[in-house]
Amino acid sequence: MTVALIMVGLPARGKTYTARRIARHLDWLGHRSKVFNVGNYRRQQSGADVPHQFFSPNNADGLKARRLAAQSALTDMISWLRKGGEVAVFDATNSTLTRRNWLLEQLTQHGIQCAFIESICEDESIIDTNIEQSKLTSPDYVGKVKEEALTDFKARIAHYVSSYEPLKDGPTPWIKIIDAGRKVILHRISGPILIKVAHLVTQLNLMPTTIWLTRHGQSIYNTQDRVGGDSNLSPNGRFYANSLSTFMQDVEVDEVWTSTLVRTVQTASRLGRPIQRWKILDEIHAGMCDGLTYAEIKNQFPEVSEGRSIDKLRYRYPQGESYEDVIRRVEPIILALEHRSSPVLVVAHQAILRVVYGYFMDHNKEAVPRLSIPLHTVIRLTPSTYGCADIRFCLPPHLDSLA
Ligand code: F6P
Numbered sequence: 000m001t002v003a004l005i006m007v008g009l010p011a012r013g014k015t016y017t018a019r020r021i022a023r024h025l026d027w028l029g030h031r032s033k034v035f036n037v038g039n040y041r042r043q044q045s046g047a048d049v050p051h052q053f054f055s056p057n058n059a060d061g062l063k064a065r066r067l068a069a070q071s072a073l074t075d076m077i078s079w080l081r082k083g084g085e086v087a088v089f090d091a092t093n094s095t096l097t098r099r100n101w102l103l104e105q106l107t108q109h110g111i112q113c114a115f116i117e118s119i120c121e122d123e124s125i126i127d128t129n130i131e132q133s134k135l136t137s138p139d140y141v142g143k144v145k146e147e148a149l150t151d152f153k154a155r156i157a158h159y160v161s162s163y164e165p166l167k168d169g170p171t172p173w174i175k176i177i178d179a180g181r182k183v184i185l186h187r188i189s190g191p192i193l194i195k196v197a198h199l200v201t202q203l204n205l206m207p208t209t210i211w212l213t214r215h216g217q218s219i220y221n222t223q224d225r226v227g228g229d230s231n232l233s234p235n236g237r238f239y240a241n242s243l244s245t246f247m248q249d250v251e252v253d254e255v256w257t258s259t260l261v262r263t264v265q266t267a268s269r270l271g272r273p274i275q276r277w278k279i280l281d282e283i284h285a286g287m288c289d290g291l292t293y294a295e296i297k298n299q300f301p302e303v304s305e306g307r308s309i310d311k312l313r314y315r316y317p318q319g320e321s322y323e324d325v326i327r328r329v330e331p332i333i334l335a336l337e338h339r340s341s342p343v344l345v346v347a348h349q350a351i352l353r354v355v356y357g358y359f360m361d362h363n364k365e366a367v368p369r370l371s372i373p374l375h376t377v378i379r380l381t382p383s384t385y386g387c388a389d390i391r392f393c394l395p396p397h398l399d400s401l402a
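Residue numbers (numbering that gives the first Met the number 0): 0 to 402.
Written out as C-alpha cells, the structure is:
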C-alpha cells in the first residue's frame, strides 16, 4: 500500500519541519519515504526572489505558477510512489478545499491512500519563533535584509489567511497538530503507517533543542580492544570524566542520560546533573563474542568478522544483535530526543551513538555502522527545519594517546 501524507497549514506553522521528520523517521524504520516540497519546484520554475504579491489569491499569474509547481511536484511524487516508494509527504500549504480535492482526485485515481496533516497555530510567540528560526533562513530569503524579509513574509502569510479553509470531518483521515503539538487530534486514523505517523507527531517538538552526545571515557576493555562487557573506566577514562565535567560546567543541559553499564555511569558521575539510566542505551550486544578482542573474534569466529565486513548493518552477532536491531531498539530514545524542549547530554556507546547521530544527521542507514564517533569527543547537534548542525569538541589533554 502506498500512502500520501498531504500537509495543510498557513506558512510558518512548522509544516516543512514536520514533513521532514515524518519522512526521516519512517525511512529509518524501513519504509521508503520522501518529501516533495512544492516550494522547491516553485523556486526552480519562478525563481526564489518573488514578492509577497505573487502569493495573493487575486493574482492570476501567481495562481497559475503555483498550480504548475504543485502539478510538477505531484507528478514526480506519483511516479516515485509507483516505482517502489512507500510513503510520500506532499509539503505545501494546501490551504483551500479546491486544492485538496484536486490532490485527492489525482492520488486516489492511482490507488494511493491519502491522509492530511494540518498544523494549526494561534500562539503568536510560536509563530514568531518559527519565522525567526526557520523562515528567515529559508531559500526564499537568501541575502535579504532581515526586516525586509520579515515584512514580506508577514504579508505573504496574510494572503494565505484570507483564503484559508481548515480541514473538516469527512472520509479522508487526518491529523491536526495544534500549537506545535500541545494538542493532537486524530480523525479516522488506522493502519500501521498512519498509526506510526500519529505516534510520531505526538512526540515532535516544532522547536527542537540542542542534543549533546559523548561516548563514555576510555574503559579497561577499550585499552585491550575487547568488545562489550561491563568494565570500569581506565585512568584515561577517569581523566575524561573530569574534563567532561569541567567542559559541561557552563553548558546548558538539565538532564544526563546514560546506559546502565558502569562505564557510562562513571563518566557522568561528576557532572552534578540529574541522571537517567536507560537499558536501551546499552552497547550493541555482541552475543557469543562479548568480552573477546577483535583479534580473538577473527580467530575463533572468522564467520563473524567476515559477516560484519560484508554487511555490518544487517549482520547479527550469534546470540547478539546487528546494527539494524540496535536501530529498532533505540527508536524510543530517538522519539524522546525529538520530544525534548530542553538540552540533554547522552553518554553512551560507539554503536548506540552511531545510530543516534546517523538519524539526526540524516545519514544513509548503510553508512551508520562505520560513522566516526571517537572516544573523548563531545558532539553538539542542533536540529532545525533544514537539517542538523554538528560541532565536535575534542577534550585534550588526556594521559596518553587513545585507540
Ligand atoms: O570497542 C568499543 C565498542 O563500544 C564495543 O563494545 C562494541 O562492540 C563496538 O564498540 C561497536 O563498534 P563496531 O560495531 O565497529 O565493532
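Quick reminder that beta carbons are idealized off the backbone N, C-alpha and C, glycines included.
Contact set for residue i: own chain, Cβ-Cβ below 6 Å, skip 5 residues either direction
i    : result
S400 : A caution first: S400 carries a pLDDT of 49, below 50, which makes its placement in the model too unreliable to give a value.
A402 : Unreliable positioning characterises A402 in this predicted model, as indicated by a pLDDT of 45, which lies under 50. The coordinate reading is nonetheless provided below. For A402, where only same-chain residues beyond five positions count, there are no Cβ hits under 6 Å.
P342 : T208, T209, E251 and V252
L344 : W211, V252 and V255
D26  : S32
R391 : T376 and I378
N93  : I5, V7 and R99
Y140 : A148
I333 : Y358
T384 : T15, Y16 and S133
G386 : none
Y316 : A285, G286 and C288
A68  : V37, Y40, R41 and Q44
S55  : H158
V264 : T257
Bounding residues of the alpha helix (DSSP H) (the contiguous stretch that carries residue i)
i    : result
I156 : K145 to S162
W101 : L96 to Q108
H338 : E330 to H338
S71  : A59 to R81
P50  : Segment: none, P50 is in no alpha helix (DSSP H) and carries neither H nor E.
T266 : V261 to A267
R20  : K14 to W27
A114 : Looking at the DSSP string, A114 is not in any alpha helix (DSSP H); the run it does join, the beta strand (DSSP E), is Q112 to I119.
L243 : P234 to M247
I130 : E123 to Q132
Close-in-space but distant-in-sequence residues of the same chain around residue i (CB under 8 Å, 5 per side omitted)
i    : result
D168 : H186
L394 : Y239, S242, L243, F246, H375, T376 and V377
R278 : The amino acid occupying residue 278 in the given sequence is Lys; Arg does not appear at that position. Hits under 8 Å: S258 and T259.
Cβ-heavy atom distance, residue i to the ligand NAP, below 7 Å
i    : result
P368 : By its list of ligands, the structure shown excludes the ligand NAP, since it contains just the ligand F6P.
Paired residues, beta bridge with residue i - DSSP
i    : result
D90  : N36
V303 : Note: V303 sits in no beta bridge, so no partner.
W211 : L344 and R379
S218 : L232
K167 : DSSP, once it has assigned bridges, lists no residue as partnering K167.
T292 : R225
Residue-level contact to chain B via CB, residue i, 8 Å cutoff
i    : result
W173 : Within the model displayed, chain B is absent; a lone protein chain is all it includes.
Check: residue i C-beta below 7 Å from any heavy atom of the ligand F6P
i    : result
Q43  : no
N36  : no
V141 : no
G227 : yes
H109 : no
I130 : no
A388 : no
E305 : no
E282 : yes
H375 : no
H348 : yes
A285 : yes
N235 : no
N221 : yes
Residues near residue i in its chain [Cβ-Cβ closer than 7 Å; skip 5 each side]
i    : result
D75  : F35
L370 : R353, Y356, G357 and H362
P382 : P207 and F359
Q223 : T292
L9   : T92, S94, I156, Y159, V160 and Y163
V329 : I279, I351, V354 and V355
T150 : none
Boundaries of the beta strand (DSSP E) in which residue i is found, first to last residue
i    : result
H186 : K182 to H186
L344 : V343 to A347
T201 : Run containing T201: none in the beta strand (DSSP E); it sits in the alpha helix (DSSP H), P191 to Q202.
T257 : E254 to T257
G386 : G386 to C393
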